[in-house]
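Participant:
Protein chains in written order, with our numbering: chain A, 1 to 109; chain B, 110 to 224.
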């Protein structure tokens, strides 16, 4: 499986933007970049995914580097409810999602 | 609410026992996945079923088995339980729109404690 590298933890102030980085230098041409998050005591929750172009939805934005070797999940205004573990996952469609350790985001009021 | 229902939410049992965890996928979803989350291992994929057939297998122990029934609900059976089996077990579903796009919907999990 192509691997991703994320910082173990990050901290943000409430109402500030948050940029969560992910490196995936061995990404293949057919790999989609997926982001999930897991709030405390809950199951993982889909956030966003993309292939080559930047993507926006109601939860977040996904910025994908031109060479696709890295991506950034952007939360435009962090709230206390956004404190969670964020997982960056490569998905090719042939195998189930494989979760790594993710980035634990803390939001400070 | 993801639409995926898991029961029971909590379960405490003893070593050597057998338990069954149940999952009802979102209406219309054909794929069901089981994941195990423990403190030291993170989220580990166990097994996937698609429309009643096993589709993919991950790090599932031989003491564990699963099946998906004609009504698409799934059960995960854990037997000869050991202390190390204590974990959160998540079920997820996908497939309402047809081919798997990678978007999974997770239930709230079943917390198993083996004493």
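Backbone N, C-alpha and C define an ideal beta-carbon position, used for all residues, glycine too.
In this text, all values refer to a predicted model and were calculated from it rather than measured experimentally.
For the stretch 126-160 of chain B, list every residue whose C-beta sits within 7 Å of some C-beta in chain A, in sequence order.
Facilitator: Cβ contacts with chain A come from 142, 151, 152, 154, 157.
Participant: Starting from the Cα of residue 39 of chain A, find the closest Cα among A/108, A/80, A/98, A/90 and give me that residue.
Facilitator: Considering only alpha carbons, the answer is A/80.
Participant: May I ask you to report which of helix, strand or coil DSSP gives residue 224 of chain B?
Facilitator: The answer is coil: DSSP assigns residue 224 of chain B none of H, G, I, E or B.
Participant: The beta strand (DSSP E) spanning residue 185 of chain B covers which residue range?
Facilitator: That run of the beta strand (DSSP E) goes 183-187.
Participant: Buried or exposed for residue 3 of chain A, going by 16 or more other Cβ atoms inside 10 Å?
Facilitator: Answer is exposed; the Cβ neighbour count stays below 16.
Participant: Do the stretch 85-105 of chain A and the stretch 26-37 of chain A make contact, defined as three or more Cβ pairs closer than 8 Å?
Facilitator: A contact exists between the stretch 85-105 of chain A and the stretch 26-37 of chain A.
Participant: Quick one: Cα of residue 118 of chain A to Cα of residue 86 of chain A, how far?
Facilitator: The structure shown does not extend to residue 118 of chain A, since chain A is modelled only from 1 through 109, so no value can be given for it.
Participant: Give the residues of chain A in contact with residue 167 of chain B, contact being defined as C-beta atoms less than 8 Å apart.
Facilitator: What residue 167 of chain B touches in chain A: 96.
Participant: What in chain A is Cβ-close to residue 216 of chain B, meaning under 7 Å?
Facilitator: Near residue 216 of chain B (Cβ distances below 7 Å), the residues of chain A are 43.
Participant: What are the partner residues of residue 54 of chain A, as DSSP defines its beta bridges?
Facilitator: Residue 54 of chain A pairs with nothing; no bridge assigned.
Participant: Which residues in chain B sit within 8 Å of residue 101 of chain A, going by Cβ to Cβ distance?
Facilitator: Per Cβ cutoff of 8 Å: 151.
Participant: Is it buried or exposed for residue 207 of chain B, if we count other Cβ within 10 angstroms and need 16 for buried?
Facilitator: The predicted position of residue 207 of chain B is uncertain, since its pLDDT is 45 and thus under 50; a value taken from the coordinates is nonetheless stated next. Exposed is the call here.
Participant: Does residue 46 of chain A come within less than 7 Å of chain B when only Cβ atoms are used?
Facilitator: Answer yes: the Cβ-Cβ gap between residue 46 of chain A and chain B drops below 7 Å somewhere.
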